[in-house]
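See below for the structure under consideration.
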Amino acid sequence: MRFKSLIMAAIGTCLSVSAMAAPVTIKVSHVVAENTPKGQMAMKFKELVESRLPGKVEVKVFPNSQLFGDDNVLEAMLLGDVQLAAPSLSKFDNYTKKLQIFDLPFLFKDMAAVESFQNSDSGQKLLDSLEKKGLVGLGYLHNGLKQLSANAPIATPEDTSGKKFRIQTSDVLAAQFEAVDAVPVKKPFSEVFTLLQTKAIDGQENTWSNIYSKKFFEVQDYITESNHGLLDYLVVTSKEFWMTLDADTRKVVKTSLDEAIAHGNKIAAEKAESDKQAIIASGRTKVTALSDEERKAWVKVMKPVWKQFEKEIGADLIEAAEASNQ
Ligand code: SIN
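Whatever position you read off the sequence shown (first residue = 1), add 2 for our numbering.
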């Protein structure tokens with residue numbers, strides 16, 4: 003009798019332990035500040051998932067390169083050390099050449115064209131371009147179009163000659179700066195402010211949101227509103243982690259992520275304007291926009307870069323992206 007009750011007690015303990023199974027932890031790592039489209043997307047994702055799957059899934063967000071930088075986050079993801087990230091589309095060169103399309107200079111005339119291409123069949127197929135590498139593309143997130151900042155005025159392509167510009171780890175971006183006779187320097191985002199402050203480099207390219215939230219405008223005397231390229235993100239996870247979630251959980255996580263991305267995209271559109279205005283109002287830097295004539299000169303020297311990468315990216319894909327401008 004005593005033996006039977008011991009067995010029953012043991013079974014009861016096992017059942018209650020499994021009912022209280024530890025929640026799945028989703029670590030989200032990113033390199034930007036919290037008050038950015040990506041930072042806000044990550045916080046919204048946490049809020050939605052944790053309210054919809056209480057006790058089952060917990061989300062831990064690590065902003066500002068606290069956990070991983072963009073140079074090592076994908077390796078860490080494949081090792082299972084982080085479950086969600088949204089590196090810029092320019093940081094996937096080692097995993098696929100297809101995403102290089104998003105770095106081609108002057109390809110998209112505005113964010114509506116970007117949105118239209120990303121939502122097209124060709125754009126959606128690109129989400130699967132990392133599958134062979136064990137990564138799952140879960141969606142695109144906007145930041146916006148890039149501007150040029152420097153410690154001297156930049157209006158014509160000749161103004162960049164011999165100047166060092168920090169770029170992300172993308173060969174297209176390197177070719178883009180080489181086309182204007184500048185010196186591209188590949189460096190992690192976390193180092194940009196110090197490189198600019200110490201004048202180890204002369205300038206950089208980034209969105210209004212990143213220039214504002216990371217205070218680059220405080221250490222650059224000039225910003226040229228050039229809108230010459232795109233800085234958007236691919237939200238990724240590892241296939242191994244994704245498949246460990248049961249189908250119902252996966253569905254809720256994906257729906258929450260889609261909603262969080264929509265939230266981030268709305269913030270991206272707002273910040274592109276409000277952060278630009280805040281930078282102008284600060285009086286710390288001089289902001290000038292390219293005139294139509296100046297813009298034509300930039301397009302003329304930078305557009306040949308498309309041909310250089312056409313083989314790797316695919317002429318059809320470039321055509322489809324260009325068509326999104328209509
Ligand atoms: C980011 O927005 O995630 C960083 C972009 C950069 O490296 O310039």
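Backbone N, C-alpha and C define an ideal beta-carbon position, used for all residues, glycine too.
Tell me whether residue i sits in a helix, a strand or coil according to DSSP, three-state version.
i	result
Q85	coil
T200	coil
K217	coil
F94	coil
A291	strand
S18	The pLDDT assigned to S18 is 47, lower than 50, so where the model puts this residue is not dependable; a value taken from the coordinates is nonetheless given after this. In the structure shown, S18 sits in a helix (DSSP, three-state: H, G or I).
T351	Past the edges of the chain, shown from 3 to 328, lies residue 351, and the structure says nothing about it.
Q178	helix
E36	coil
I156	coil
D318	helix
N74	coil
N121	helix
L50	helix
L55	coil
Provide the residue(s) that pair with residue i in DSSP beta bridges, ordered along the chain.
i	result
T240	Thr is not the amino acid found at residue 240; the sequence shown has Ser there. According to DSSP, S240 bridges with L137.
G146	L233
K29	K62
K166	V185
S131	Answer is none; S131 lacks a bridge partner.
N208	Q149
Determine the contact status of residue i and residue j, defining contact as a CB-CB distance below 8 angstroms.
i	j	result
S151	I213	yes
S90	L233	yes
S326	S122	yes
R168	L147	no
V182	T209	no
V194	Q178	no
V26	V59	yes
W244	V174	no
F191	I281	no
D204	K165	yes
For a minimum of 3 consecutive residues, which ranges assigned as the beta strand (DSSP E) are wholly contained in the stretch 251-316? For the stretch 251-316, whole beta strand (DSSP E) runs of length 3 or above, ordered along the chain, are 288-291.
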